[in-house]
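Asker:
Residue numbers (this note's numbering), protein chains in the order written: chain A, 38 to 212; chain B, 12 to 430.
1) Beta-carbon of residue 198/B versus every beta-carbon of chain A: anything under 8 Å?
2) Apart from the five residues just before and just after residue 202/A, which ones in its own chain have a Cβ nearer than 6 Å to its Cβ?
3) Kindly indicate which three-state DSSP category residue 347/B falls into: helix, strand or coil?
4) Below 8 Å on the Cβ atoms is my guess for residue 393/B versus residue 325/B; work out the distance and round it to an integer in Å.
5) Go ahead and pull the three-state DSSP assignment for residue 205/A.
6) Please list, in chain order, the chain B residues whose beta carbon lies closer than 7 Å to that of residue 94/A.
7) Determine contact between the region 326 to 341 of chain B and the region 382 to 398 of chain B, defined as no fewer than three beta-carbon pairs at a distance below 8 Å.
8) Using alpha carbons as the reference points, say which of 189/B, 227/B, 67/B lies closest to residue 211/B.
9) Name the chain A residues whose beta carbon is nearer than 7 Å to that of residue 249/B?
10) Could you tell me whether any Cβ in chain A is nearer than 8 Å to the Cβ of residue 451/B?
11) Check whether the Cβ atoms of residue 209/B and residue 297/B sit closer than 8 Å, and answer yes or no.
12) Please determine, among 125/A, 80/A, 119/A, 61/A, the residue with the shortest C-alpha to C-alpha distance to residue 103/A.
13) Whole angstroms is fine: what's the gap from residue 311/B's alpha carbon to residue 412/B's?
14) At a Cβ threshold of 8 Å, is residue 255/B touching chain A?
15) How many angstroms separate the CA atom of residue 169/B from the CA atom of residue 57/B?
16) Would you identify the three-state DSSP class for residue 220/B, choosing helix, strand or coil?
17) Any idea what DSSP makes of residue 41/B, helix, strand or coil?
18) Please classify residue 48/A: does DSSP put it in a helix, a strand, or coil?
19) What residue range does the beta strand (DSSP E) around residue 79/B cover?
20) Give the interface partners of residue 376/B over in chain A, defined as CB-CB distance under 9 Å, in chain order.
21) Grab me the residues of residue 133/A's own chain with a C-beta within less than 6 Å of its C-beta, minus the 5 sequence neighbours each way, in chain order.
22) With H, G and I counted as helix, E and B as strand and the rest as coil, what does DSSP make of residue 181/A?
23) Can at least three beta-carbon pairs, one atom from the region 78 to 88 of chain A and one from the region 133 to 149 of chain A, be found at a separation below 8 Å?
24) Taking only the alpha-carbon atoms, compute the straight-line gap between residue 150/B and residue 118/B and give it to the nearest angstrom.
25) At a CB-CB cut-off below 7 Å, which residues of chain A make contact with residue 373/B?
26) Using a 10 Å radius around the Cβ and a threshold of 16 neighbouring Cβ atoms, would you call residue 38/B buried or exposed?
27) State the start and end residues of the unbroken alpha helix (DSSP H) segment that holds residue 136/A.
28) Rounded to a whole number of angstroms, what is the C-alpha to C-alpha distance between residue 272/B and residue 176/B?
29) Taking contact to mean at least 3 C-beta pairs separated by less than 8 Å, is the region 153 to 170 of chain B in contact with the region 62 to 70 of chain B?
30) List the residues of chain A whose Cβ lies closer than 7 Å to the Cβ of residue 415/B, in chain order.
31) Using a Cβ-Cβ distance cut-off of 8 Å, determine whether residue 426/B contacts chain A.
32) Kindly list the residues whose CB is nearer than 8 Å to the CB of residue 197/A, restricted to its own chain and excluding five residues on each side of it in sequence; keep chain order.
33) Could you give the DSSP three-state label for residue 422/B: helix, strand or coil?
34) Just tell me which of 84/B, 104/B, 108/B, 163/B has its CA closest to the CA of residue 128/B.
35) State buried or exposed for residue 121/A, treating a residue as buried only when at least 16 other CB atoms are found within 10 Å of its CB.
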């Protein structure tokens, strides 16, 4: 069954609670890592689902480049067929980074942009770096996580979700 | 014996009323008359209806009481206006026991009218359960004085108002109000139309409470009519191309009052009830409603909310709106009017289970699924679901179609700066 952002945040919270109540340092790290990953999965889920809402729009309302970005597909100039000379969305996958998606959603569908100098964005970038190092482990980088990191990941995810919801939907999210 | 009647200081003299009161007093023995007291004729300040207050013995009142009061006395087609007697209700049983032990009731509201069933000229508008309890006590030869308000020479509007205000102190549903208002202010046309298209059975009336029935209420029937014409009007404003680039707003008629939109449509267009396209849509919807109900009844998920999925406050308006909207789009209309095939693994054409499980990120954690609420957002979503399905005769209401339709509504609303 597909899990939505609220369930994923609940999972993140559950792992944080485990980390916070366990006295064993190794277990704390295991639970904290899981909590951070679930919190970011929640944020990814929320962002991707919002992107998907716009990919279903009838043609002509968004440019091919916007459509391609939302669908995470490559946009190319067609060199044959009825669209020859026009940009069109292809079936080739092009994954976009989480921060790009957030920035695009806010900039395109609200009359505002993300304030990259804000404390929230700085906290988001820091937690995302931790998440990235967990999902792309390398022997030359040691990433240690703590319950404090897990708690921060939950807070940051919720606050970013809140930000995007307010900007795009003009609606406060209830967790 | 001549009984003196006088009009109170707020009640203008009215000879017809005075004659009717005198006729009543000559036929019915009241406590006041037996004590040689004057009978005061009052006039209600709002609807200007005339009435008297008097006490009648149970044995006097019992045979004169008519519990099947009509809103339109001259029309034998006028259905019973009061709610159903709840003879097994604990409160009624207690009331009957009390009456048999000598309880005296007061402020029972009746209309003196011998224009139909003249043997029972006291038409009960308020206190039908008390009246029935008095009748039952009378059968046991228990007869006490009970207080009555007896109205005279009521107009159609006064009678309708009386029916409503007499029921405001008990738990009466808006559905009953709607049914009564429809009958007096518009006539039996809506009921006849619903019977013709199959939304009501032959001779069947709208339910007095939705919760006790699985058929369309007056509110829903009005909503169907209004949305069909709203959709049709919107369609005329659009060309074929941008049909799917809009968010549509199916309307939900107000309950408990005669809805303005509905009044406007039935008063401006006297051919509403003969409109062939409306009738075709009504029949198609009725068939969908039946198919939904029957398929769920035979399944392992046999629950009322699934059986009545078609007649929820968001599904019905959306369906009717889209039926109107597609009038100029022959092939899509044909698809819309056909009963969808059930989604693989599901028993019903509307896939009620999938809809009930549906939730968008934007929804509150308490959201109960698509097509369950009456909110505008839910009606918009359902309209888009039906519109999406009309593109393909073979399409079913599967998760993919539902997801896409709701996403489209949300995306379009964001682009337009709406909800």
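We put the CB at the ideal spot given by N, CA and C, even for glycine.
Answerer: This is what the structure gives:
1) One-based indexing of the second chain puts residue 198/B at position 187. Chain A contact via Cβ: absent.
2) Counting from 1 along the first chain, the entry for residue 202/A is found at position 165. Residues of the same chain with a CB within less than 6 Å of the CB of residue 202/A, apart from the 5 flanking positions on each side, are 208, 210 in chain order.
3) Sequence index remark: in the second chain, residue 347/B carries index 336 (1-based). If DSSP states are grouped into helix, strand and coil, residue 347/B belongs with the helices.
4) On the second chain, residue 393/B is found 382 positions in, with the first residue counted as 1. On the second chain, residue 325/B is found 314 positions in, with the first residue counted as 1. Contact flag correct, Cβ pair sits at about 5 Å.
5) As a position in the first chain, residue 205/A is number 168, starting the count at 1. Under the three-state reduction of DSSP output, residue 205/A falls in the helix class.
6) Within the first chain, the letter at position 57 stands for residue 94/A. Chain-order list of chain B residues neighbouring residue 94/A: 419, 422, 423, by C-beta distance under 7 Å.
7) Yes, the region 326 to 341 of chain B touches the region 382 to 398 of chain B.
8) Counted from its first residue, the second chain places residue 211/B at position 200. Checking every option, the nearest Cα to that of residue 211/B belongs to 227/B.
9) For the purposes of this step, residue 249/B is taken as residue 238 along the second chain, with counting starting at 1. Going along chain A, no residue has its Cβ under 7 Å from residue 249/B, so there is no contact; the nearest lies around 13 Å.
10) As shown, chain B starts at 12 and ends at 430. That puts residue 451/B outside it, with no answer to give.
11) Here residue 209/B is taken as the residue at index 198 of the second chain, counted from 1. Here residue 297/B is taken as the residue at index 286 of the second chain, counted from 1. Taking 8 Å as the Cβ cut-off, residue 209/B and residue 297/B qualify as a contacting pair.
12) Working through the first chain from its first residue, we reach residue 103/A at position 66. Checked all of 125/A, 80/A, 119/A, 61/A; the closest Cα to residue 103/A is 125/A.
13) For the purposes of this step, residue 311/B is identified with residue 300 of the second chain, where counting begins at 1. For the purposes of this step, residue 412/B is identified with residue 401 of the second chain, where counting begins at 1. Each residue's Cα considered, the two are about 24 Å apart.
14) Taking the second chain and counting its residues from 1, the one referred to as residue 255/B is at position 244. At least one chain A Cβ lies under 8 Å of residue 255/B.
15) As a position in the second chain, residue 169/B is number 158, starting the count at 1. As a position in the second chain, residue 57/B is number 46, starting the count at 1. Straight-line Cα distance between these residues: approximately 9 Å.
16) Walking along the second chain from the start, residue 220/B turns up at place 209. Here residue 220/B carries a coil assignment [DSSP, helix/strand/coil].
17) Counted from its first residue, the second chain places residue 41/B at position 30. Correct three-state label for residue 41/B: coil.
18) The residue labelled residue 48/A in the question sits at position 11 within the first chain. Three-state DSSP puts residue 48/A in a helix.
19) Locating residue 79/B in the second chain gives position 68, counting from the first residue. It is not in any beta strand (DSSP E) - residue 79/B carries neither H nor E in the DSSP assignment.
20) For the purposes of this step, residue 376/B is taken as residue 365 along the second chain, with counting starting at 1. For a Cβ distance threshold of 9 Å, residue set 43, 211, 212 of chain A lies close to residue 376/B, ordered along the chain.
21) Here residue 133/A refers to the residue found at position 96 of the first chain. For residue 133/A, same chain residues with a beta-carbon under 6 Å away, outside a window of 5 residues either side, are 109 in chain order.
22) If you number the first chain from 1, residue 181/A lands on position 144. Residue 181/A: coil per DSSP, three-state reduction.
23) At 8 Å Cβ cutoff, the stretches touch.
24) Within the second chain, numbered from 1, the residue matching residue 150/B stands at position 139. Within the second chain, numbered from 1, the residue matching residue 118/B stands at position 107. If you take the alpha carbons of residue 150/B and residue 118/B, they lie about 22 Å apart.
25) Along the second chain, read from residue 1 onward, the residue named residue 373/B stands at position 362. Going along chain A in sequence order, the residues near residue 373/B (Cβ under 7 Å) are 206, 208.
26) By 1-based counting over the second chain, the position of residue 38/B is 27. Counting the other CB atoms within 10 Å of its CB gives residue 38/B a total below 16, which places it among the exposed residues.
27) Here residue 136/A refers to the residue found at position 99 of the first chain. Boundaries of the alpha helix (DSSP H) harbouring residue 136/A: 135 to 146, taken from the DSSP string.
28) Locating residue 272/B in the second chain gives position 261, where the first residue counts as 1. Locating residue 176/B in the second chain gives position 165, where the first residue counts as 1. The straight-line gap from Cα to Cα measures roughly 24 Å.
29) Flag = yes, the region 153 to 170 of chain B and the region 62 to 70 of chain B touch.
30) To locate residue 415/B, count along the second chain from 1; it is residue 404. Neighbours of residue 415/B on chain A, chain order: 93.
31) By one-based count along the second chain, residue 426/B stands at place 415. The beta carbon of residue 426/B falls within 8 Å of a beta carbon belonging to chain A, placing the residue at that interface.
32) For the purposes of this step, residue 197/A is taken as the residue at position 160 of the first chain. If we look at residue 197/A and ignore the five residues flanking it on each side, its Cβ neighbours are 80, 139, 157, 161.
33) Within the second chain, the letter at position 411 stands for residue 422/B. Helix at residue 422/B.
34) Residue 128/B sits at position 117 when you count from the first residue of the second chain. Answer by Cα proximity: 84/B.
35) Taking the first residue of the first chain as 1, we reach residue 121/A at position 84. By the neighbour-count rule (16 or more Cβ atoms within 10 Å), residue 121/A is not buried but exposed.
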